[in-house]
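Down below is the structure, laid out as structure tokens.
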Amino acid sequence: MTEEQPKKVESEAPSNPAPQPVVHEDVPEEKSVIPQQPSPPDTKPVDDSKALAIVEKTKEPAEEKPSDGSVNRDTVLARVATEKRLSLIKAWEESEKSKTENKAHKKLSAITAWENSKKAATEAELRKIEEQLEKKKAEYAEKLKNKIATIHREAEEKRAMIEARKGEEFLKAEETAAKYRATGTAPKKLLGCF
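Numbering (the UniProt record's numbering), first residue to last: 1 to 194.
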């Protein structure tokens, strides 16, 4: 169905351009083409847009054909200048957008690099502090172990002194008892509690 419709449009276009002006001719043709396309139930909207595109292409050469040479030429030149200006504006816009995007990307990369360097410096400082704390902890633990060893040694010395004193007092008590036995006298103090 869509192939038949462009043929109809093409057949209508060559017959009508000669008697009517180009501008008035475009509008009635579009109106006549639009009602014909929705009438068949099998056509798709995508096919309709293609049919309209074909109609537009066939109409443009009809407009460009010079009926009045200088007027059409000026119109075409003005259109070309406008299209050139619009394409330059579009290229400039894309260039500016690209520059802006590149600048933003560069700044974001710089920020990421700065963040990574600051993180690395902070982590290095943290490791250094942790090492210092571990070192201090080890030193303090060593000091405490030495202190415990010193306390233990002093306790052993005190125990040894007490044992030595006890031994001396045993010897003294035995000597005194032997002396009392030899002399036959009784001690003056029997026990410390009496």
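Beta carbons: idealized from backbone N, C-alpha and C, even for Gly. Please read all numbers here as calculations on a predicted model, not as lab measurements.
Taking C-beta atoms as the reference points, Y180 and A186 count as a pair closer than 8 Å. K97 carries a helical assignment under DSSP once its states are collapsed to helix, strand and coil. Judged by DSSP in its simplified three-state form, K158 adopts helix. Exclusion of the five residues before and after A78 leaves no residue of its chain whose Cβ lies closer than 7 Å to its Cβ.
Collapsing the DSSP output to three states places A186 in coil. Rounded to whole angstroms, the gap between the alpha carbons of R127 and K103 is 36 Å. In this structure, the alpha-carbon of K99 lies about 34 Å from that of T122. Between the C-alpha atoms of K137 and E157 there is a straight-line separation of about 30 Å.
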